[in-house]
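Report on the structure given below.
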Amino acid sequence: MPVEALIGIAIGEGVVLIGLIIAIAVILKKNRKPEGKADNVKIENGVRYTTDRVEQTADGEVAITHLKGDVILRRGKTYVVGKGGAVIPGKYTVLSHNENTETFNIRIGGIVREYKHASDIVLADGERICAVSHAVVLR
């Protein structure tokens, strides 16, 4: 067999192999599980935007879990909402850190208010937030 024919066969096999690698990469990317961000969090210009999807238990209650993107507010510690901080501006679902606690108090902007598990809040840049009665998860 002439050398030119062998080179042609090798090039053809190389093209097929590269095409197969690209096809496998595309299939794996399409079938990849989501990264587990809570509520499909999207951050644009340092502001947190979410959809309404919430993790739930089998009986329909909002799950007390810790997911990537959640922020845990320790009781008594004040956090300043800001771009690049622990708590960035945006919409959050407030969850009890303890499954036996349905309501808890949070201070936002100097006002203490009672919140129920799975309530929604919107935090603006520069606001101060503090979990007063119990540790709280912001999702």
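According to my numbering, the residues represented by the sequence shown are 2 to 140, in order.
For every residue, glycine included, the Cβ atom is placed at its ideal position computed from N, Cα and C.
These numbers were taken from a predicted model, which means no experiment stands behind them.
His98 is positioned such that its CB atom lies closer than 9 Å to that of Ile73. When DSSP states are grouped into helix, strand and coil, Gly77 belongs to the coil group. Taking the Cα positions, Arg76 is about 10 Å away from Phe105. Beta-bridge pairing by DSSP links Ala132 to Arg76, Ile107. Residue range 4 to 31 is occupied by the alpha helix (DSSP H) that includes Val27, with no beta strand (DSSP E) assigned at that position. Counting along the chain, no beta strand (DSSP E) covers Thr102, and no H or E run does either.
Apart from the 5 residues on each side of it in sequence, Asp121 sits with its Cβ closer than 8 Å to the Cβ of Lys92, Tyr93, Thr94, Val95 in its chain, given in chain order. If you ignore the 5 residues before and after Asp71, its C-beta comes within less than 7 Å of the C-beta of Ala39, Val138, Leu139, Arg140, all in its own chain and listed in chain order. Gly9 and Lys30 have their alpha carbons spaced roughly 32 Å apart.
The same chain holds no residue with a CB closer than 8 Å to that of Val27 once the five nearest residues on each side in sequence are set aside. With a threshold of 16 other beta carbon atoms within 10 Å, Leu18 falls short and is exposed.
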